[in-house]
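Student: Quick one: this structure, given as structure tokens, is what I'll be asking you about.
Number of protein chains: 2
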Amino acid sequence: MKGDNTNTAKYAFSGLDRIFHEKARLGIMTALFTNEKGLSFNDLKELCGLTDGNLSRHIQILKDENLILVEKSFENNRPATRCFITDTGRDKFVNYMNELENVIKNVNKKLKN
Amino acid sequence: MKGDNTNTAKYAFSGLDRIFHEKARLGIMTALFTNEKGLSFNDLKELCGLTDGNLSRHIQILKDENLILVEKSFENNRPATRCFITDTGRDKFVNYMNELENVIKNVNKKLKN
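Residue numbers (numbering that gives the first Met the number 0), protein chains in the order written: chain A, 0 to 112; chain B, 0 to 112.
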């Protein structure tokens with residue numbers, strides 16, 4: 000048997016999209032989801048506890064999937080990067096969160112028994 | 000600045016232990032958490048939608064951390080493997096789940112605004 004039998008694979012959690020499930024990206028998406036006016040590169044770095052390199056790498060991955068938007072500008076003659084969540088990113092992230100809630104429900108049901 | 004400033008790193012989600020956050024292991028732990036009489040290797044494989052190799056690898060990782068217990072025996076003259084969650088595994092998994100609930104709360108709060 001292949002390991003992809005979704006009918007019986009109750010705990011495969013196929014809705015947990017790996018693009019959001021990775022911990023750093025989960026942080027970035029939560030930060031951008033909750034800050035609809037966007038966040039600067041430095042704010043994101045601090046809020047998510049990431050290094051420059053790590054944040055850059057994950058921003059690129061999310062951008063390539065059209066989940067976030069990156070705006071480059073100049074502030075006080077210095078280059079500034081600002082990130083925003085896209086509508087697609089928002090919709091897909093809400094779906095991911097719904098799946099995460101289902102995972103928790105499985106466990107909570109057992110805890111209450 | 001190093002990326003490890005936890006005071007301001009609101010979205011670093013440091014409580015999301017990588018041992019549980021990996022999707023396959025999240026499935027295995029949820030399955031074992033909700034089946035306190037343990038599960039056979041084959042049941043786990045089916046429930047989590049994993050291949051033999053993948054399941055073996057993740058079982059070893061969880062076992063090395065004393066989060067699950069692996070019992071080898073013979074059934075009808077064939078070797079049989081059965082896995083159980085340990086008390087440590089149960090406690091740590093509940094902590095992980097609590098952190099996961101906090102992540103969701105951040106997003107839900109925003110959704111209701």
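Built from N, CA and C at the ideal position, the CB exists for glycine as well.
So which residues on chain B does residue 103(A) lean against when the C-beta distance must stay under 9 Å?
Tutor: Per Cβ cutoff of 9 Å: 96, 99, 100 and 103.
Student: With DSSP as the reference, label residue 5(A) as helix, strand or coil.
Tutor: At residue 5(A), the pLDDT of 48 sits below 50, so the modelled position is not reliable; the number obtained from the coordinates is stated separately. Here residue 5(A) sits in coil by DSSP.
Student: In chain B, which residues lie with their C-beta within 7 Å of the C-beta of residue 109(A)?
Tutor: Here the neighbours are 32 and 33.
Student: Any Cβ of chain A within less than 8 Å of the Cβ of residue 12(B)?
Tutor: Yes, residue 12(B) lies at the interface with chain A (some Cβ there is under 8 Å from its Cβ).
Student: Does residue 106(A) have its Cβ less than 8 Å from a Cβ in chain E?
Tutor: Checking the listed chains, one finds no chain E in this structure; the protein chains it contains are A and B.
Student: Output the boundary residues of the alpha helix (DSSP H) element that contains residue 104(A).
Tutor: First-last of the alpha helix (DSSP H) with residue 104(A): 86-111.
Student: With 7 Å as the C-beta to C-beta threshold (strictly closer), list the residues of the segment 71-90 of chain A near chain B in chain order.
Tutor: Listed by position, the residues of the segment 71-90 of chain A near chain B (Cβ gap below 7 Å) amount to none.
Student: Reducing DSSP to helix, strand and coil, say where residue 71(B) ends up.
Tutor: Note: residue 71(B) maps to strand in three-state DSSP.
Student: Which residues bound the alpha helix (DSSP H) around residue 43(B)?
Tutor: Taken as a continuous stretch (DSSP letters only), the alpha helix (DSSP H) holding residue 43(B) covers 40-47.
Student: Starting from residue 54(A), trace the alpha helix (DSSP H) in both directions and tell me its first and last residue.
Tutor: 51-63 is the extent of the alpha helix (DSSP H) around residue 54(A).
Student: Run down chain A in chain order and give the residues with a C-beta less than 9 Å from the C-beta of residue 128(B).
Tutor: Nothing in the structure corresponds to residue 128(B), since chain B is present only between 0 and 112.
Student: Does DSSP put residue 12(A) in a helix, a strand or coil?
Tutor: Coil.
Student: Specify, as a first and last residue, the run of the alpha helix (DSSP H) that residue 26(A) falls within.
Tutor: Element bounds for residue 26(A): 22-33.
Student: Is residue 17(B) close to chain A, meaning its C-beta is less than 8 Å from at least one C-beta of that chain?
Tutor: Yes, because at least one Cβ of chain A sits closer than 8 Å to the Cβ of residue 17(B).
Student: Spell out the partners DSSP gives residue 83(B) in its beta bridges.
Tutor: Paired residue(s): 68(B).
Student: May I ask you to verify whether the segment 8-17 of chain B touches the segment 21-39 of chain A, counting CB pairs closer than 8 Å and requiring at least 3?
Tutor: Contact between the segment 8-17 of chain B and the segment 21-39 of chain A is present, because at least three Cβ pairs lie under 8 Å.
Student: Is it true that the segment 89-106 of chain A meets the segment 66-85 of chain B, where meeting means three or more beta-carbon pairs spaced less than 8 Å apart?
Tutor: With the cut-off at 8 Å, the segment 89-106 of chain A and the segment 66-85 of chain B do not touch.
Student: Short check: CB of residue 14(B) to CB of residue 105(B), under 8 Å?
Tutor: In this structure, residue 105(B) does not lie closer than 8 Å to residue 14(B) by Cβ.
Student: Counting only beta-carbon separations shorter than 8 Å, does residue 64(B) have a partner in chain A?
Tutor: No, no contact with chain A.
Student: Taking buried to mean at least 16 other C-beta atoms within 10 Å of its own C-beta, is residue 110(B) buried or exposed?
Tutor: Looking at its Cβ environment, which holds fewer than 16 other Cβ atoms inside 10 Å, residue 110(B) is exposed.
Student: In the DSSP assignment, what are the bridge partners of residue 17(B)?
Tutor: Beta-bridge pairing links residue 17(B) to no other residue.
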